[in-house]
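For the sequence shown, our numbering begins at 3 and goes up steadily by one. Structure first, then comments.
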Amino acid sequence: MEKIGLLAGVGRLPVLCARAAQALGIEVSAVALLPGVDEELAAAAADCRAINIAQLGKIIDYLKERGVTKVTLLGKVTKELLFAGTHEQPDLRMMQLLMTLPDKKDDTIMLAFVRELAKEGMEAFDQTVLLKTLMPPAGTLTKREPTEAERADMEMALAMAKEIGRLDVGQTAVVKNKAVMALEAIEGTDACIRRGGELSGGGAVIGKAAKPQQDMRFDVPTVGPDTIDSMLAAGAKALALEAGRVLVVDRERVVAMAEENGITIAAI
């Protein structure tokens, strides 16, 4: 039986990936990297171990013990853990890795992590291999089509999201009337949306896009019910996704929540 390792952060993606792998007869050994990982992961995987992301040596030892040579990284692990002082003390291997980093950009950190796995004969593979069906092609997902003004803001929001992605800063932009309200950085998508909503006074448009240089092995942009919750709190009215490049978790629920609240969603 084929085996894979699943390094899991917060959210539904790790569970969906484990179930998809299970359906294909692939044995999944999962690592819950921080508190808050979906409890259903334990049932969806053949084996699941809680090992904090700061304990890189233990993570590698576990994967080797399970006979894993292919690994995928899914779910939210916010970079603010590096700065907030709330994470576990890094083990020696993680500390050595962090000391070699030229900066703390997302891609810099993740590529270093992937290289450490490779040193132990473990290859990180495309996050979306088992989740292609979650990436909608071009078209409107909701019944309500964007208005002409919303469409213009959507295009601008995606352009801004692509630009901050090129700089490896974030993947989300909030726009209203062709003015940028907020750009995502370390705070994450939901906080960015809420901040942009507060500054816009409602009616803003959200854009979510992959980086131009997106490495599909990690940090693939994702939206889900929490995104819609944040939009509701912000009074936002439209969500633009880069077609074929953004994962939509629990799509039926996302669309239902949007339609109940007059939000339009389009993949562009």
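Positions of the beta carbon are idealized from the N, C-alpha and C atoms, including for glycine.
Next on the checklist: Which residue wins for smallest C-alpha separation from G172, given the options T191, V182, M183, D155?
Outcome noted: Start at 1 with the first residue of the sequence shown, and residue 172 comes out as number 170. Among T191, V182, M183, D155, the Cα nearest to that of G172 is on T191.
Item to check | 8 Å Cβ cutoff met for L75 and I55 | outcome: Residue numbering aside, residue 75 sits at position 73 when the sequence shown is read from its first letter. Residue numbering aside, residue 55 sits at position 53 when the sequence shown is read from its first letter. Taking 8 Å as the Cβ cut-off, L75 and I55 do not qualify as a contacting pair.
Checklist entry - Roughly how many angstroms lie between the CA atoms of V79 and I111, to the nearest whole one? => result Along the sequence shown, one-based indexing puts residue 79 at 77. Along the sequence shown, one-based indexing puts residue 111 at 109. Taking the straight line from one Cα to the other gives about 12 Å.
Item to check | Alpha-carbon spacing of G237 relative to I208, whole angstroms | outcome: The residue you call residue 237 lines up with position 235 of the sequence shown. The residue you call residue 208 lines up with position 206 of the sequence shown. Rounded to whole angstroms, G237 to I208 spans 11 Å at the Cα level.
Checklist entry - In whole angstroms, what separates the C-alpha of K72 from that of A126? => result Locating residue 72 in the sequence shown gives position 70, where the first residue counts as 1. Locating residue 126 in the sequence shown gives position 124, where the first residue counts as 1. Roughly 6 Å separates the two Cα atoms.
Next on the checklist: Any contact between the stretch 56-64 and the stretch 114-123? By contact I mean 3 or more CB pairs, one from each, below 8 Å.
Outcome noted: yes
Checklist entry - Thinking C-beta only, is K5 closer than 8 Å to R68? => result Residue numbering aside, residue 68 sits at position 66 when the sequence shown is read from its first letter. Residue numbering aside, residue 5 sits at position 3 when the sequence shown is read from its first letter. Going by C-beta atoms, R68 is nearer than 8 Å to K5.
Checklist entry - In its own chain, which residues sit with a C-beta less than 7 Å from the C-beta of L132, not counting the 5 before and 5 after it? => result Along the sequence shown, read from residue 1 onward, the residue named residue 132 stands at position 130. Here the set comprises C19, A22, A23.
Checklist entry - Within 10 angstroms of its Cβ, does K106 collect 16 or more other Cβ (buried), or is it exposed? => result As a first step, residue 106 is located in the sequence shown; it is residue number 104 there, counting from the start. It is exposed - the Cβ of K106 has fewer than 16 other Cβ atoms within 10 Å.
Item to check | alpha helix (DSSP H) runs wholly inside the stretch 49-78, at least 4 long, in chain order | outcome: 58-67
Next on the checklist: Am I right that P223 and A211 are in contact with their C-beta atoms under 8 Å? What's the rounded C-beta distance?
Outcome noted: What you label residue 223 is simply residue 221 of the sequence shown in a count that begins at 1. What you label residue 211 is simply residue 209 of the sequence shown in a count that begins at 1. 7 Å between Cβ atoms; contact.
Item to check | In DSSP terms, what K5 is bridged to | outcome: As a first step, residue 5 must be located in the sequence shown, where it is residue number 3. K5 pairs with E29.
Checklist entry - How far does the alpha helix (DSSP H) with I166 in it reach, from first residue to last? => result As a position in the sequence shown, residue 166 is number 164, starting the count at 1. Element bounds for I166: 150-168.
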